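Undergrad: Chains as they are written, first to last, in the working numbering: chain A, -16 to 311; chain B, 18 to 522; chain C, 2 to 162.
Cβ atoms here follow ideal geometry from the backbone N, Cα and C, with glycine treated the same way.
Fair warning: this is a prediction, and the values are worked out from it, not measured in the lab.
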Amino acid sequence: MRQTSRFKTLGLSTLVAGMLGASAFAGPALAADAEGYPDHNVQYIIPFGPGGESDISARLQQQYFQELTGQQLIIQYMAGGGGAVGWSQLNEMASDGYTIMGTNLPHIILKPMGKDPGFTTEELKNFHYFHYSPDALIVTNDSPYKTLDDLIAAAKKAPGSVTVSGSGTQSANDIANQRFESLADVKTTYIPFKGTGAAVTALLGDQVKAEWGYTTTAANHSDKVRMLAVASEERHPLFPDVPTFKELGYDMTGGAYRGIAVPQGTSEEITKKLSDIFSQINQNPEFRQKMEDLGFVLIDVPYEEMDAFMAKRSKEYEQVAREMGIIE
Amino acid sequence: METLSFMAAALSPLNLLLAVIGVAAGIVIGALPGLSATMAVAVLVPVTFGMPPEAALIMLGAIYTGAIYGGSYAAILVNTPGTPSAIATTFDGYPMAQRGDGDLAVTLSTLSSVIGGLVGALALLTLAPLLAQIALRFGPVEYFWLAIFGLTLISALSEGSTLKGFIGAGVGLLLSTVGVSVIGGDIRYSFGSQFLLGGIETISALIGLYCIPVLIDLVATPSAHLQPPEKGRGIRLGEGLALIWRGKLNAARSAVIGTLVAILPGAGGSIASLVSYSEARRTSKRSERFGHGEPDGVIATETANNATVGGGFIPTFVLGIPGTPPDAVILGALLVQGFRTGPEMFTTNASVTYTFIGGLVIATLLMLPMGLLIGRYAFKSIVSIPKALLVPSIAFMTVIGTYAIRNNPFDVVVMVALGVIGWVLARYGIKPSPIVLGLILGPIAEQGFVQGYLIGNASGSVFGAFFGRPLSLAIIAMVLLSVLYPVWRTYRARRLPKESEEARP
Amino acid sequence: MKPSIEPTERVAARGSDASLALVMLVISLGALWFSQDMSIMASVFPRTIAALVAAFSVALLLRSLLMRPTRPRPEPGSVARRLWLIAVLLVWSLALKWLGFLASSLLSAVCLVMLSHYHAWTPKRVAGYAIVLLLIIGLFYGLFAIILNVPLPVGLLWRTL
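1. Assuming A/ALA212 and A/ALA159 are in contact, meaning their beta carbons sit under 8 Å apart, how far apart are those beta carbons, in whole angstroms?
2. For the segment 206 to 217 of chain B, which residues have a CB atom closer than 7 Å to at least one CB atom of chain A, in sequence order?
3. Give the C-beta separation of A/ALA185 and A/SER148 to the nearest angstrom, bearing in mind that I take them to be a contact with Cβ-Cβ under 8 Å.
4. Would the segment 81 to 93 of chain B count as touching the segment 314 to 323 of chain B if we require 3 or more Cβ pairs under 8 Å?
5. Using a Cβ-Cβ cut-off of 8 Å, state whether B/TYR81 counts as contacting chain C.
6. Take A/PRO11 and list the residues in its own chain whose beta-carbon comes closer than 7 Å to its own, dropping the five residues that flank it on each side.
7. Could you tell me which chain A residues have their CB closer than 7 Å to the CB of B/THR55, listed as they occur along the chain?
8. Under 8 Å between the Cβ atoms of B/ILE391 and B/GLU159?
9. Please return the same chain residues whose Cβ sits closer than 7 Å to the Cβ of B/SER221, not counting the five positions on each side in sequence.
10. In chain order, which alpha helix (DSSP H) runs of at least 4 residues are fully inside the segment 173 to 248 of chain A?
11. On the three-state DSSP scale, how would you describe B/ARG303?
12. Along chain B, which residues have their Cβ under 8 Å away from the Cβ of A/VAL191?
13. With distances taken from CA atoms, which of A/ASP290, A/GLU106, A/SER262 and A/MET235 is nearest A/PHE48?
14. Below 8 Å on the Cβ atoms is my contact criterion, and I expect B/VAL58 with B/PRO343 to pass it. Report the Cβ-Cβ distance as a whole number of Å.
15. So A/GLN59 contacts chain C; which residues on that side make the cut at Cβ distance below 7 Å?
16. Have a look at A/ALA137 and A/GLU164 and give me their C-alpha separation to the nearest angstrom.
17. Under 7 Å Cβ-Cβ, which residues of chain C neighbour A/GLN26?
18. In or out: C/GLY31 buried (at least 16 other Cβ within 10 Å) or exposed?
19. Under 8 Å between beta-carbons, which chain A residues line up against B/ILE338? List them in chain order, please.
20. Establish whether the CB of A/TYR162 and some CB of chain B are separated by less than 8 Å.
21. Chain B beta carbons: is any one of them nearer than 8 Å to that of A/LYS209?
22. Starting from B/ALA523, trace the alpha helix (DSSP H) both ways and give me its first and last residue.
23. Hey, how far is the Cα of B/GLN115 from the Cα of B/LYS397?
24. Quick check on DSSP: helix, strand or coil for C/LEU149?
25. Check this for me: beta carbons of A/THR152 and B/GLY202, under 8 Å apart or not?
26. So, is the C-beta of B/PRO487 closer than 8 Å to a C-beta in chain C?
27. Excluding five sequence neighbours on each side, which residues of the same chain lie with their C-beta closer than 7 Å to the C-beta of A/PHE8?
28. Here's a check: name, in chain order, each residue in its chain whose Cβ is nearer than 7 Å to the Cβ of B/GLY481, leaving out the five neighbours to either side.
29. Helix, strand or coil, according to DSSP, for B/MET362 in the structure here?
30. Quick check on the burial criterion: 16 or more other C-beta atoms within 10 angstroms. Buried or exposed for B/ARG509?
31. Name the chain B residues whose beta carbon is nearer than 7 Å to that of C/ALA168?
32. Three-state secondary structure (DSSP) at B/ARG116?
33. Helix, strand or coil for C/ARG160? Go by DSSP, reduced to three states.
34. Can you tell me which of B/SER193, B/ILE38 and B/LEU291 puts its alpha carbon nearest to the alpha carbon of B/GLU463?
35. Using the C-alpha atoms, what's the distance from B/ILE331 back to B/LEU147?
36. Give me the residue from C/ILE50, C/MET39 and C/LEU23 with the minimum Cα distance to B/ILE204.
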């Protein structure tokens, strides 16, 4: 799992000749020091398939990473098990700072609560969290539910008759729905789909009455859907007309947070440096604009504040998990 | 007229050059098992950041088209689908190559791919908004019935015993449930292993089930892998054109099926080509020859899978929902470039969209000369390479290809293990194709069924959800037709016992 | 490797069909057994399929006992070489993570050349094959590792050295 692109400069002939040896010397030769970091390309592994929000964020960071460091960020996909395949192998990868992996909340906290997914939340050395997409309850433009109250009234009238699509079971969407059900004291039917794309397709095709998605989903399909409420602290700049759940009297904030981790053995200096690089990308006005246009809310959690941030989130999700019956 | 001028912009020297490079790279990548169109496109995305959006899209589209076409080489020459879209190409392509007609099969696949690609691009140009609305009508229940329709292929795919075919499909369906389930979030059949969490990767299963048995039987005897072709008969373009003309109805039908299946997000090229293969077989006068090197089989699958390229862009552009996995990557690239998908793709951004479609047409046409050239070379080298070098080369390709799908060494172990199991099962009469069919259709059938049930339950009538919608009734009718038609045909054949006696495969 | 449309010789298959049916029956019952701890939504599908496979297996078992099934004669050839190939592939796939991509691939490639070679070895041939083989591996390595940026495994073994 080691960086290979440093061989780029070598000719093919030397490559063939030195092939057996190459694997042997590659290890110590790449011993990293923080001074010149990064002096070659960095592998950025996305533990999901291409085209999702994690991928698009990484693609946007890719451009500015190159501007900032002169090195490329190479995006790889390692999909499977809702991220578990990647996360369970992260700590086996080279810890020289040239392999980094995207991590997501609530996934990395919720997954280890069930059956063993091959990693624990504490084992992941997160170094920067850069944004989140607030949960949002979305309906189509011509839906009879004009406001959140319309939907709640319909659900109260006939419990279970309001169908809501979302991505997967025990996911951010499922949790949002469960919290909403208990806060508003209603019963809906949650229909899990494979990914946000499939969930929104079901909404657009009128297969379901509403969808749990994110502000990003609404931004992406702004001509066809509208949001009833957003689970953020303040209204999203892109949607000044959409109320937050808090305004409507439901104490609900949350969403999908995205960040990056390194293998556990990575040195403190390099981890710190990586955290700085991604903080800087996050400050770039052009980058901020692009991210906000896509519906993300930028946050900036550097390496030093990570433990406190994770502890706070863990506590929140633990409570939800207890309500959902994932843990006793 | 404006549309035409936009499309003509694709003819600029830079765009043409990018299309040529894209198609060539795509063909090579598609021909290598494991390197899929998705990966080819993903690798190129950062390169396109510095380009004008039209040029970037043309290059991505060209790579994609080339890769889907390139998948047929590995299917024909080594019985391994280079991309999942080429599964059905192995059914008749490889038998053709075995008997020395590999050159003809490659020529046929080239011609068919060009036809399919053009039909798909034409649909994207003219019918996109309309077809996108049809795609939205497809709910979970329709996907469920579509999967059931796909499973009716079992009887067509299982040579010999249909009963064993059903068992094979069942094994495939069970394999598809391994890993974290979408519905319920359970970890199923992983037996405590973290490696099985991600489930069995379809492409690695394909490589294992189709390619490893070929390798195993290859080392067992000193005889040649493929019959060498007669000397000096070129690329057999004339013969190929004649066969295409004979199968023109088949090609047209397959192209339409390919386009229609591709607009359904979640179905994809493999299902498109399998469905058109079975339709070709069902309606053909020579249906008993399918699976034994029937040119019409190659025509059907290759037209269908290249039609999915244009077809898949329909929901991507109109709805912002990727029709196929490579579309998902291209959609991401579009978003990064600052484009918003939706109706404005055909209004405000029309210049980019139509230039892209023009580029797609050009890339498709470029496949003809380039494909014939590369194809001829590929066939010749596979035939002439000594066995002692062919075996390690194929083995190397399968190992590195499987690894590269998701950079996971354990996938290689799964690939080899499935290959060995598949070889043993094939000796006892369970062929790989029903297993693969189950593996591909399993998730669609399962999710469609549970989601349909939940939605039906919420609306008060589960029966109504599954049997009360016009679109599902239409698919159910197709299921019944494809189950009952062979029965009726056998019945009629018994009534009129003529020379059909010896036609038994 | 003849075109299979010609009628092939057939051999009796009662024993093999019966054992195949039994193996499949065991697998399907196993699938049922291991579905016990799944949630209802997740277990509907595997249980249905496992039950169907079990039913088909019983049908196959009955058919093999009541009728006289036949199957095409398996392709001839050396059993030993087949088994060796399987062994090499399995070891190769397991060694990837530990030995790294290049070392394990070179070793396996050499084994495979010897396995699939049926003629005498001459020094010239050995040299020629070695060069071609190195070229092929180098070409693929260049394509995947350098052009496509695939992070090929380097080998955990070398890292500990």
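TA: Let's see:
1. Between A/ALA159 and A/ALA212 the Cβ distance is about 11 Å, and since that is not below 8 Å, they are no contact.
2. GLN211, LEU214, GLY215 and GLY216
3. Contact holds; Cβ gap of about 4 Å.
4. Per the Cβ contact rule, the segment 81 to 93 of chain B is in contact with the segment 314 to 323 of chain B (3 or more Cβ pairs under 8 Å).
5. no
6. Only weak support exists for where A/PRO11 lies, its pLDDT of 40 falling under 50; the value from the coordinates is given anyway. So no residue of the chain qualifies.
7. PRO33
8. no
9. THR419, ILE422, ASP428, VAL431 and MET432
10. Listed in chain order, the alpha helix (DSSP H) runs fully inside the segment 173 to 248 of chain A are 178 to 187 and 198 to 203, counting runs of at least 4 residues.
11. In the structure shown, B/ARG303 adopts coil according to DSSP, grouped into three states.
12. Those within 8 Å of A/VAL191 in chain B are ILE472.
13. A/SER262
14. Contact annotation, B/VAL58 with B/PRO343: C-beta distance approximately 5 Å; criterion of less than 8 Å satisfied.
15. PRO152
16. So the two alpha carbons sit approximately 13 Å from each other.
17. PRO152
18. exposed
19. One finds GLY180, VAL183, THR184 and LEU187 in chain A with Cβ atoms closer than 8 Å to the Cβ of B/ILE338, taken in chain order.
20. One point to set straight first is that residue 162 of chain A is Arg, not Tyr, in the sequence displayed. Closer than 8 Å: no.
21. First, the amino acid is wrong: residue 209 of chain A is Arg here, not Lys. Not closer than 8 Å to any Cβ of chain B, the Cβ of A/ARG209 fails to qualify, so no.
22. Past the edges of chain B, shown from 18 to 522, lies residue 523 of chain B, and the structure says nothing about it.
23. 13 Å
24. coil
25. For A/THR152 and B/GLY202, yes; Cβs fall inside 8 Å.
26. no
27. Legend: pLDDT at A/PHE8 = 39, less than 50; position of this residue unreliable, value from coordinates given subsequently. So no residue of the chain qualifies.
28. Within the same chain, B/GLY481 has close Cβ partners GLY473.
29. B/MET362 sits in a helix when the DSSP states are folded into three classes.
30. Burial check for B/ARG509: the Cβ neighbour count within 10 Å stays below 16, so the residue is exposed.
31. This structure does not reach residue 168 of chain C, given that chain C is present from 2 up to 162, and the question cannot be answered.
32. coil
33. helix
34. B/SER193
35. 9 Å
36. C/MET39
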